[in-house]
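Here's the structure, in structure tokens; my notes come after.
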Amino acid sequence: MSIPPWLDDLLWTYQNLIHAMGVNGLLALSMYVVLAIGQLSLGQAAFMGLGAYSSALMTLKLKLPFFVVLPASVAAPVLVALLIGVPTLRLSGVYLAIATIGLGEVLRAVYLNVDVFGGALGLNGIPERAETWMIFGILAAGITGLWLVGRSGVGRAMEAMREDPTAAAVMGVNVPRYHLAALVTSAILAGLAGALSAHVSSFIGPNEYGFEPAVTILSFALLGGIGTPIAAVAGAWFLTLLPELMRDLPQVRLTLNGVIIVLAVLFLPRGLLGWRMGRKAA
Amino acid sequence: MTLPHAPLLTTQQLTRRYAGLVAVDHVDLVVPQGGVHAVIGPNGAGKTTLFNLLSGLVTPSEGRISFAGADITAQSAHRRAGLGIARTFQNIRIFGAMTVLENVLTGLHPRLRSSLGAVIFRLPSFRAEERDAVAGARAALDLVGLSARAADPASSLAYGDQRRLEIARAMAQNPKLLLLDEPAAGMNPAETVALGELVRRIASAHTTILLVEHDMGFVMRLSDSVTVLNFGRQIFTGTPGAVRSEPAVVEAYLGARLAAKLQAHHG
Ligand SMILES: Nc1ncnc2c1ncn2[C@@H]1O[C@H](COP(=O)(O)OP(=O)(O)OP(=O)(O)O)[C@@H](O)[C@H]1O
Ligand SMILES: [Mg+2]
Chain S
528 MSIPPWLDDL LWTYQNLIHA MGVNGLLALS MYVVLAIGQL SLGQAAFMGL
578 GAYSSALMTL KLKLPFFVVL PASVAAPVLV ALLIGVPTLR LSGVYLAIAT
628 IGLGEVLRAV YLNVDVFGGA LGLNGIPERA ETWMIFGILA AGITGLWLVG
678 RSGVGRAMEA MREDPTAAAV MGVNVPRYHL AALVTSAILA GLAGALSAHV
728 SSFIGPNEYG FEPAVTILSF ALLGGIGTPI AAVAGAWFLT LLPELMRDLP
778 QVRLTLNGVI IVLAVLFLPR GLLGWRMGRK AA
Chain W
15 MTLPHAPLLT TQQLTRRYAG LVAVDHVDLV VPQGGVHAVI GPNGAGKTTL
65 FNLLSGLVTP SEGRISFAGA DITAQSAHRR AGLGIARTFQ NIRIFGAMTV
115 LENVLTGLHP RLRSSLGAVI FRLPSFRAEE RDAVAGARAA LDLVGLSARA
165 ADPASSLAYG DQRRLEIARA MAQNPKLLLL DEPAAGMNPA ETVALGELVR
215 RIASAHTTIL LVEHDMGFVM RLSDSVTVLN FGRQIFTGTP GAVRSEPAVV
265 EAYLGARLAA KLQAHHG
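One line per chain: the protein sequences are S and W, in this order.
At position 117 of the first sequence the residue is numbered 644 (the numbering used here), and the sequence of numbers has no breaks.
At position 69 of the second sequence the residue is numbered 83 (the numbering used here), and the sequence of numbers has no breaks.
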């Protein structure tokens with residue numbers, strides 16, 4: 528396969544931006560899965576951090592090849608999702624939100640204070656093993672998979688839960704099980720995003736996975752919408768590209784994300800791409 | 015196993031307390047297999063709380079529930095749906111953003127068996143299951159006369175139609191027991207007559223109906239038996255004919271009406 532020179536140049540110039548779009552797209556999907564069943568988690572950045580740190584350590588310390596590291600990077604986020612998800616299963620959604628906010632702070636303290644994570648300096652010299660095609664391949668698979676699942680009985684149950692969890696339970700939907708499955712899926716997607724980003728940026732640090740990135744990830748899905756997986760990804764791309772276009776206006780850039788979030792919530796409650804998943808009656 | 019003449023549902027000393035009041039007070043309900051059975055009582059008597067207990071939305075403070083020969087007291091709401099208990103809500107709870115057909119399809123949820131792999135790869139087994147589900151949902155819509163609205167958003171239906179949609183969604187579950195909480199509320203007389211016919215059509219050897227309704231004419235025409243609750247207590251169970259001449263029932267209703275009148279005067 529040969530890439531035309533002009534495309535190669537373009538990819539090279541905007542490599543960081545393109546990688547960020549792919550990784551943020553995965554994070555948006557991770558957020559979508561939880562919001563689509565009517566739950567709120569603020570743990571996406573924490574799950575991403577777990578994927579990033581565990582994969583970086585597997586590469587740096589265990590010298591494992593990337594095709595082993597990448598799938599194994601979901602283990603830590605999934606384990607933590609289960610530890611958080613199971614006790615909050617039967618509680619109202621607020622508890623999950625609070626527990627996941629706490630998670631990010633606890634993990635930050637762990638990264639700072641446990642030697643193997645490199646303390647405040649983080650982990651350096653991670654080889655750049657994630658390729659652009661891997662990031663976008665996984666993103667495309669994620670979008671397609673979630674779309675196909677959304678257009679089935681599972682998707683109907685998800686939408687029903689989002690509208691009225693009590694009525695959904697009366698229809699026979701195992702609501703706690705869906706909550707846990709969504710949280711685990713979300714941890715897998717965020718963990719993969721973390722591993723991929725760690726292996727394109729060569730450095731990871733304890734402050735990259737705290738509360739602020741968690742809110743940014745939430746805003747991807749709020750801006751794009753949660754009616755379809757592609758809407759959330761579009762929101763992520765919009766919020767990734769916009770700061771690039773505003774490079775020459777750094778003061779404006781800082782407040783822009785906040786303004787967009789407020790405007791989106793007030794005037795676009797269903798997001799920029801607000802339509803629901805089409806489920807054509809067979 | 016259920017014996018032919020064993021009751022479909024029984025409760026033993028079923029009780030639910032809230033701070034400062036007993037919403038359902040040691041109720042021993044016996045619902046035989048088949049037919050229409052009514053639960054009546056003044057406002058606040060505990061009828062909806064009883065339904066919430068039976069469908070698993072509220073946990074009992076005391077007492078037990080058996081259904082089709084098994085103790086279901088500890089079963090969650092979604093398990094009870096799978097066992098054959100379906101219901102409608104006094105305050106309509108359709109999924110407004112979904113289409114009418116999709117609403118009914120949610121009722122078929124416990125019967126969907128496709129694995130995640132079959133769903134993602136759209137295997138023939140998944141396609142066949144979806145086709146059957148859609149056919150089942152359409153049949154339920156036919157039953158209540160809403161087929162023409164299948165593709166419309168459920169929130170666009172008129173009030174009476176939303177109530178019928180709830181019945182279709184519950185019937186898609188192919189229930190053994192259908193709990194109807196004030197199905198005629200907000201319906202005009204013509205709609206109420208049509209609803210009565212619908213209830214009669216649905217009630218069968220397979221589907222037993224437990225009905226809460228304030229429209230006494232409706233209850234008396236349709237019901238095989240009537241249970242009366244007052245302040246959470248079961249004060250009467252018998253035939254519709256006998257209920258009218260039962261002094262305790264008359265008193266409960268007159269008492270409630272008197273209280274309402276007094277409140278109107280003083281409030
Ligand atoms: N969640 C709750 N918390 C506190 N009290 C409750 C709760 N649910 C019901 N109650 C009280 O329990 C009593 C029975 O209420 P319920 O809704 O079962 O009555 P009902 O017979 O259905 O009345 P209506 O005919 O008005 O629908 C009422 O006094 C009500 O205020
Ligand atoms: Mg009621």
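We treat Cβ as the ideally placed atom computed from N, Cα and C, and that holds for glycine.
Which term fits F794 of chain S, buried or exposed, when burial requires 16 or more other beta carbons within 10 angstroms of its beta carbon?
-> The count along the first sequence starts at 1 and reaches residue 794 of chain S at position 267. F794 of chain S is exposed by the Cβ-count criterion.
Output, in chain order, the set of chain W residues within a Cβ distance shorter than 9 Å of S619 of chain S.
-> For the purposes of this step, residue 619 of chain S is taken as the residue at position 92 of the first sequence. Simply none; closest approach about 14 Å.
Just grab the DSSP bridge partners of E76 of chain W for me.
-> Sequence index remark: in the second sequence, residue 76 of chain W carries index 62 (1-based). In DSSP, E76 of chain W forms a bridge with W:T29.
Look up F81 of chain W in the DSSP assignment and give the residues it is bridged to.
-> By one-based count along the second sequence, residue 81 of chain W stands at place 67. BP columns for F81 of chain W point to W:L23 and W:A84.
How about F747 of chain S and G737 of chain S: are their beta carbons less than 7 Å apart?
-> As a first step, residue 747 of chain S must be located in the first sequence, where it is residue number 220. As a first step, residue 737 of chain S must be located in the first sequence, where it is residue number 210. Going by C-beta atoms, F747 of chain S is not nearer than 7 Å to G737 of chain S.
Residue range of the unbroken beta strand (DSSP E) whose run includes L194 of chain W = Within the second sequence, the letter at position 180 stands for residue 194 of chain W. Looking at the DSSP string, the run of the beta strand (DSSP E) that includes L194 of chain W is L191 to D195.
With respect to 6 Å, is the separation between the Cβ of N105 of chain W and the closest non-hydrogen atom of ligand 1 below this value?
-> Start at 1 with the first residue of the second sequence, and residue 105 of chain W comes out as number 91. No, ligand 1 has no heavy atom inside 6 Å of this Cβ.
Is T62 of chain W near ligand 4, in the sense that its beta carbon is under 6 Å from a heavy atom of that ligand?
-> With respect to ligand 4, the structure shown offers nothing to examine, as its ligands consist of ligand 1 and ligand 2.
Indicate whether A111 of chain W and V697 of chain S have their beta-carbon atoms separated by less than 7 Å.
-> As a first step, residue 111 of chain W must be located in the second sequence, where it is residue number 97. As a first step, residue 697 of chain S must be located in the first sequence, where it is residue number 170. No, they are not a contact pair.
Sort S:I545, S:P796 and S:T586 by Cα distance to F730 of chain S and report the nearest one.
-> Taking the first residue of the first sequence as position 1, residue 730 of chain S is located at position 203. Closest by alpha carbon: S:T586.
Residues of the region 103 to 115 of chain W whose Cβ lies closer than 9 Å to any Cβ of chain S, in chain order | F103, R107, I108, F109, G110, A111, M112, T113 and L115
T120 of chain W CB to nearest chain S CB: under 7 Å?
-> Here residue 120 of chain W refers to the residue found at position 106 of the second sequence. So, interface residue.
Residue-chain proximity (A809 of chain S, chain W), Cβ-Cβ < 7 Å = Locating residue 809 of chain S in the first sequence gives position 282, where the first residue counts as 1. With a pLDDT of 42 at A809 of chain S, under the threshold of 50, the modelled position of that residue is not reliable, and no figure is offered here.
When the distance is taken between beta carbons, is L28 of chain W closer than 7 Å to G77 of chain W?
-> Within the second sequence, numbered from 1, the residue matching residue 77 of chain W stands at position 63. Within the second sequence, numbered from 1, the residue matching residue 28 of chain W stands at position 14. Cβ atoms of G77 of chain W and L28 of chain W: closer than 7 Å.
How many angstroms separate the CA atom of M185 of chain W from the CA atom of A100 of chain W?
-> As a first step, residue 185 of chain W must be located in the second sequence, where it is residue number 171. As a first step, residue 100 of chain W must be located in the second sequence, where it is residue number 86. Going from the Cα of M185 of chain W to the Cα of A100 of chain W covers about 8 Å.
Check whether the Cβ of R797 of chain S lies closer than 7 Å to any Cβ atom in chain W.
-> Your numbering for residue 797 of chain S matches position 270 in the first sequence. No, R797 of chain S lies away from the interface with chain W (no Cβ there is under 7 Å from its Cβ).
Taking the CB atoms as reference points, tell me whether G210 of chain W and L194 of chain W lie closer together than 7 Å.
-> Here the question's residue 210 of chain W lines up with position 196 in the second sequence. Here the question's residue 194 of chain W lines up with position 180 in the second sequence. No, Cβ-Cβ distance for G210 of chain W and L194 of chain W is not below 7 Å.
When DSSP labels each residue in this structure, what does G754 of chain S get in the three-state scheme?
-> Against the first sequence, residue 754 of chain S aligns to sequence position 227. Note: G754 of chain S maps to coil in three-state DSSP.
Taking the continuous beta strand (DSSP E) assigned at G58 of chain W, which residues delimit it?
-> Taking the first residue of the second sequence as position 1, residue 58 of chain W is located at position 44. Element bounds for G58 of chain W: n/a, residue is neither H nor E.
G721 of chain S: CB within 6 Å of a non-hydrogen atom of ligand 1 = Residue numbering aside, residue 721 of chain S sits at position 194 when the first sequence is read from its first letter. Checking the Cβ of G721 of chain S against ligand 1 gives no.
Which of helix, strand or coil DSSP assigns to R178 of chain W | For the purposes of this step, residue 178 of chain W is taken as the residue at position 164 of the second sequence. It is helical.
Quick one: list the residues of chain S neighbouring A95 of chain W, beta-carbon separation under 7 Å, in chain order.
-> By 1-based counting over the second sequence, the position of residue 95 of chain W is 81. Here the neighbours are V697, M698 and G699.
Does the Cβ of T782 of chain S have 16 or more other Cβ atoms within 10 Å, making it buried, or fewer, making it exposed?
-> For this step, residue 782 of chain S is matched to residue 255 along the first sequence. The residue in question, T782 of chain S, is exposed, as its Cβ has fewer than 16 Cβ neighbours within 10 Å.
Could you list the residues in the region 72 to 94 of chain W with a C-beta less than 9 Å from some C-beta on chain S, going in chain order?
-> S90, A91, H92, R93 and R94
How is A858 of chain S classed by DSSP in three states: helix, strand or coil?
-> The question about residue 858 of chain S has no answer here: the residues shown for chain S are numbered 528 through 809.
Find out if the Cβ-Cβ distance for the pair G578 of chain S, P604 of chain S is shorter than 7 Å.
-> Locating residue 578 of chain S in the first sequence gives position 51, counting from the first residue. Locating residue 604 of chain S in the first sequence gives position 77, counting from the first residue. Cβ distance < 7 Å, so G578 of chain S and P604 of chain S count as in contact.
Does the Cβ-Cβ distance between G631 of chain S and A572 of chain S come in under 7 Å?
-> Numbered from its first residue, the first sequence carries residue 631 of chain S at position 104. Numbered from its first residue, the first sequence carries residue 572 of chain S at position 45. Yes.
Residues that A672 of chain S contacts on chain W, provided the C-beta gap is smaller than 7 Å = Numbered from 1 along the first sequence, position 145 holds the residue referred to as residue 672 of chain S. Per the sequence presented here, residue 672 of chain S reads as Gly, with Ala not at that position. I134, listed in chain order.
Three-state secondary structure (DSSP) of S128 of chain W = Taking the second sequence and counting its residues from 1, the one referred to as residue 128 of chain W is at position 114. Of the three classes helix, strand and coil, the one that applies to S128 of chain W here is coil, per DSSP.
Status (buried if at least 16 other CB within 10 Å, exposed otherwise) for H123 of chain W = Locating residue 123 of chain W in the second sequence gives position 109, counting from the first residue. Buried, because 16 or more other Cβ atoms sit within 10 Å of the Cβ of H123 of chain W.
Unbroken beta strand (DSSP E) run spanning A624 of chain S, endpoints | Looking up residue 624 of chain S in the first sequence gives position 97. Where A624 of chain S is concerned, there is no enclosing beta strand (DSSP E), although the alpha helix (DSSP H) it sits in stretches over G620 to N640.
The beta strand (DSSP E) with N244 of chain W in it runs from where to where?
-> As a first step, residue 244 of chain W must be located in the second sequence, where it is residue number 230. From DSSP, the beta strand (DSSP E) with N244 of chain W extends over S239 to N244.
Residue environment, K275 of chain W, which counts as buried when at least 16 other CB atoms sit within 10 Å = One-based indexing of the second sequence puts residue 275 of chain W at position 261. K275 of chain W comes out exposed.
DSSP on F765 of chain S, reduced to helix/strand/coil?
-> For this step, residue 765 of chain S is matched to residue 238 along the first sequence. F765 of chain S: helix per DSSP, three-state reduction.
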